[in-house]
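First residue of the sequence shown: 36, per my numbering; consecutive thereafter.
This report refers to the structure that appears directly beneath it.
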Amino acid sequence: MDKPVSALRKLPSVDEVMRSAALAEAVTRYGRSAAVTAVRAVLGEAREQGAASADVTEVARSAMARLEAEAQPNLKPVFNLTGTVLHTNLGRALIAESAIEAATVAMRNAVALEFDLGGGRRGERDELVRDLLCELTGAEDATIVNNNAAAVLLVLNTFAKGREAIVSRGELIEIGGAFRMPEIMSRAGAKLHEIGTTNRTHKKDYVAALSDKIGLILKVHTSNYRIEGFTKEVSPRELAALAHEHSVPLVNDLGSGTLVDLTRFGLKHEPTVAEAVAEGADLVTFSGDKLLGGPQTGFIVGRKALIEKLNKNPMKRALRVDKIRLAMVEATLRLYRDPDRLAEKLPTYRLLARPIKEMEEVARRIVPVLQEKLGAGFAVKTTPCTSQVGSGALPVETLPSLAVAVTVSGRGGGRVLTSLSNALRKLPVPVVGRIEKDALLFDLRCLENVDGFLANLSTLNAPEAA
Ligand SMILES: *Cc1c(COP(=O)(O)O)cnc(C)c1O
């Protein structure tokens, strides 16, 4: 405000900049209105910085740079070299090609989402995947909601609102992103009735808690931690018997909820949804984008009478999924009809079952390029490492894997590695690794597009290492 008027006058006017040849391109690409806003912003900044004058072309160029930066999508693809295959912060499961195609068709067309083509009447969207879900899990009925947190919320609200839900203290989980079982309970209007201790819960604890105030018994798969040592929990089968004796439903929140035996892929056995159903749970809840390898969704499978009640809860309407995700879910579930080819068709299992040999091939190609790019101050080598499944599935199990490790010798190495890690995250396709014991590690398990990775490195501004 206290700048001399004469200095302000020397900045070009918005109109002058808009008329310049340099800005014509910006108008073509981004539209007149966005271009005007950008020019105003650049001139405003110049004024704030007290610039006495500015060249029209310079202002136009800055405005163009601003528009280009703003046009970058905020949701960017990244190279996930963290070693966590289902990384919640990086979007969890990659979608199978057949599911991507199905989603594209659903996006481009009107679809029979809630339309019974046989009778020409209104249908139900869950119908699209109900049979598949029942076939793959052995359940009588199934419903689908926004995610597994929503599934648990809907179940608690439907069967335990104004009543109590029994949960063992060993299973009062917190999942990342503020999903805490006790809080979900209270939001669902259910009263948490905790029983047992952190490490041991007995059948007699459940028996003592059962009363006519109980709406359901909840068993929660401790998906992101393990309690080991002096422990005791009541098996789902025993719990089912107990629940049925007292006419309350047993709900098993499986979390990841796999549909196949994971030992096929060299992983440890994780209870499958079909097993949970066979053990007598009345309802089983699980995620769509964890080990199942589909889009974000939550499934509830189980007894028909209970699923019908869930579908009648008005909350179901608020938690339902759209046509795009339903299309992906249907295509993803279909892949499970042929478990022998899952690792071929479903990216999650392709990555989890990826042979070390393939990663060695990847390493052979990228190590020399990275070494050359970083210079002699850095050492680039391959090293065995361990990947993890992620998203709380198989929390203590790791998969042998291969990483490229970058180290810097000498003092200040840690700082240099941090700078390098920052520079890699600023690439057109950000590269996300992890720092482990003085090394920047890039787990190669999830690196499939090697050409893209190498091309991406060409703009890397590596820090100096002495
Ligand atoms: C992951 C998980 C949830 C939440 O599932 P989202 O699909 O992330 O909403 C709930 N319960 C358990 C046991 C889980 O592992």
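A virtual CB, placed ideally from N, CA and C, is assigned to each residue, including glycine.
Since this is a predicted model, take the numbers as computed values, not measurements.
In this structure, residue 496 sits away from residue 472, with a CB-CB distance that is not shorter than 9 Å. Proximity to residue 234 across 266, 135, 207, 375 peaks at 266, based on C-alpha coordinates. Inter-segment contact for the region 114 to 123 and the region 74 to 93 is absent: fewer than three beta-carbon pairs are separated by less than 8 Å. Apart from sequence neighbours up to five positions away, the residues of its chain that approach residue 232 with a beta-carbon distance below 6 Å are 204, ordered along the chain.
The closest heavy atom of ligand 1 lies less than 8 Å from the beta carbon of residue 123. Following the DSSP letters along the chain, one finds residue 454 inside the alpha helix (DSSP H) bounded by residues 448 to 460.
A distance below 7 Å between beta-carbons, with the five flanking residues on each side excluded, links residue 482 to the following residues of its chain, in chain order: 114, 116, 397, 488. Approximately 14 Å separates the beta-carbon atoms of residue 333 and residue 363; this is outside 8 Å, ruling out the contact. Residue 356: not part of any alpha helix (DSSP H); DSSP gives it neither H nor E.
Here the C-alpha atom of residue 95 lies approximately 7 Å from the C-alpha atom of residue 74.
Checking the DSSP bridge columns, you'll see residue 253 partnered with 286.
With a cut-off of 8 Å, the C-beta of residue 291 is classified as near ligand 1, since at least one heavy atom of the ligand falls inside that distance. In the three-state reduction of the DSSP assignment, residue 228 falls in the strand class.
DSSP places residue 423 within a strand segment (E or B) once states are collapsed to three. In terms of CA proximity to residue 486, 400 leads the group 199, 400, 413. Counted as a single uninterrupted DSSP element, the beta strand (DSSP E) harbouring residue 180 occupies residues 176 to 180. Short note on residue 183: C-beta closer than 8 Å to some heavy atom of ligand 1. Within 10 angstroms of the beta-carbon of residue 239 lie fewer than 16 other beta-carbons, which makes it exposed. Across the structure, residue 173 and residue 215 are spaced so that their CA atoms are roughly 29 Å apart. At the C-beta level, residue 69 and residue 105 come within 9 Å of one another.
Distance from the Cα of residue 87 is smallest, within the candidate group 241, 46, 250, 72, for 46. The C-beta of residue 246 has fewer than 16 other C-beta atoms within 10 Å across all chains shown, which makes the residue exposed. Residue state for residue 203 is assigned as strand, using DSSP reduced to three classes.
Not one heavy atom of ligand 1 lies closer than 8 Å to the C-beta of residue 262. In this structure, residue 478 sits near residue 422, with a CB-CB distance shorter than 9 Å. Taking non-hydrogen atoms of ligand 1 into account, the C-beta of residue 426 is found less than 8 Å away from one of them. When the beta-carbon positions are compared, residue 137 and residue 365 come within less than 9 Å of each other. Under the three-state reduction of DSSP, residue 392 is assigned to helix.
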